[in-house]
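For what it's worth, my numbering labels the leading residue of the sequence shown as 134, then goes sequentially. C-beta: ideal position from N, C-alpha, C; glycine also. From a predicted model like this one, the values you see are computed outputs, not experimental measurements. Before any comments, here is the structure.
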Amino acid sequence: MHPEKARTPKPRPKLRLHKTRLGLPITLDTDGLVATVLACADTGADVNIISDELARALGHTNYSVASAKKQFKLANGKIVESVGQITSSCAFGVETEFSVSMSCIFHVLMKVVTPIIMGMQFLEETETMTKHRDRLVRVPRPALQALSVCSFDRPRQLLSCSLESEAIMATPDTGSEINLMPPQLASALGLDIHSGVQLIELADGSTTRTSGYVHVALSLTDPLTEKKQVSVSATVEIHLLQELAHTLLVGEETLEELSVFTDNQSSLVSAAQMNSSFGLNTIRSLGRLEDIWSRVKGRLGGKQTGPNSEGDLTVDQSVIEDQRENDRREREARRITKLPMHEQQAATDAEFARRVQYDGQISSVLRSIVEPISVSRIPPSSASWSPNASGDISLQSGAGEIFGTHPRRTSGGIIDGQYPQMLSSAPIPSPQSRQMTVLSRQLREIIGQLPTDNPRRR
């Protein structure tokens, strides 16, 4: 049974944190007003953030009028709005050689947990977290201060990993001093939830509390290989935060322990790449239904009757329908991103329901292709279903296993933080869409050879 509430099988261990944390000295120069401040190098934020107090100290006074406001989502789903944006010349504060200044855009918040947050776009372009880590410094961590979680809006990169062998795309957040996951995921994975509360401070300076923690094996995996080879693993402590805007948020210390940005960069993948690849893969990876059917018949050497032409779409019609659906999804995703933040959730839910309905129709057509093959090749009296140790399903007959295993689909397989916030990502499977369909090895091989831009299938 999955735990319904927090329980305490053993005393809570003390959260062990390093006595120091990472900082990034940044020198700002605005019309001759120069200041070097300790910024938070935050891989969990895409944009740069500056406090209103520091912006005004640098001589910016009219940004609230001169630039448009923008809404952002914090780690707990809370929406905050900037009061404007500024542009300032930036340089790294610790480089001994001549440092080239860069023009950086900062969104201004009335209150920020740290004066400046440098987001992943800046860190990635300057290769600060990978090739030039000498720009980073270690600073003492205040003993009595709440733990910071500076995750801000949508992540630019995702981390391919697994929790207890369940695949997850997580947010790597060097701006977080703690690992976080929603309680629902811990329950779904059947993890032992221990009681314990941690006070955390979000990017805007507001605070919230966690509701328990788990100890779990976290492994890094290669996102581009089908077998998900594990590169490194560690047992970590993850705290539970209700309304967490990510599937899993991996904090600074765990990222450092697993050498994510140095030795194991292969586990990182661009969020934009994942979105474009997974958004329409149900349509694009299947190809034309008649092509699949003809190649299945060729491999099996049979002349089984294909799907009934009466009442079904013709080949040309199915291709046209797929093209129309692709175009509609792309247009709707663009439309939703332009809606006010408070309207996006309802629009996202409606679009999700429509996609599930369409994808279900595709699955029904595939089953109509596979089932006649199954009936003709399996003696009914000797066939049986059996789960293996990992919960996968196999079909057995007197001649041995002739159908491949089909893995379970759980919420762990989704892309972190991208759905429903980003429609172009893979949606969380519903119970209806998780119905297990077992394909023959021949059909799996054929589908695997079809053109697709899904990076997991390359």
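- Inside the segment 224 to 284, DSSP marks whole beta strand (DSSP E) runs of 3 or more residues at positions 235 to 242, 249 to 251, 270 to 273 and 280 to 282, from first to last along the chain.
- Counting only unbroken stretches of 4 or more residues, the alpha helix (DSSP H) elements lying wholly within the segment 288 to 329 are 316 to 321, in sequence order.
- In this structure, the alpha-carbon of residue 352 lies about 27 Å from that of residue 332.
- Under the 8 Å Cβ criterion, the segment 327 to 343 does not count as touching the segment 252 to 260, having fewer than three qualifying pairs.
- About 7 Å separates the CB atoms of residue 177 and residue 285; that is less than 8 Å, so the two are in contact.
- Below 8 Å, enough C-beta pairs join the segment 240 to 248 and the segment 170 to 187 to call them touching: three or more.
- Between residue 275 and residue 486, the alpha-carbon positions lie close to 47 Å from each other.
- Scanning 172, 210, 258 and 208 for the CA closest to the CA of residue 226 turns up 172.
- Just measuring C-alpha positions, the residue of 304, 330, 154 and 204 sitting nearest residue 216 is 204.
- Taken in chain order, the complete alpha helix (DSSP H) segments of 4 or more residues contained in the segment 338 to 400 are 385 to 390.
- Membership of residue 168 in the beta strand (DSSP E) is indicated by the continuous run 166 to 174.
- Under the 10 Å beta carbon count, residue 307 is surrounded by 16 or more other beta carbons and is classified as buried.
- According to the DSSP assignment, residue 185 belongs to the alpha helix (DSSP H) that extends over 185 to 190.
- As the crow flies, the alpha-carbon of residue 386 is around 28 Å from that of residue 238.
- Taking the C-beta atoms as reference points, residue 335 is found nearer than 8 Å to residue 207.
- With fewer than 16 other CB atoms across the displayed protein chains lying within 10 angstroms of its CB, residue 273 is exposed.
- Cβ neighbours of residue 155 within its own chain (closer than 7 Å, five residues either side excluded): 174, 269, 271, 307 and 385.
- Looking only at 338, 375, 488 and 398, the smallest Cα-Cα distance to residue 282 is reached by 338.
- The way I'd put it, the segment 368 to 376 does touch the segment 312 to 325; three or more beta-carbon pairs between them come closer than 8 Å.
- With contacts defined by Cβ atoms closer than 8 Å, residue 163 and residue 221 form a contacting pair.
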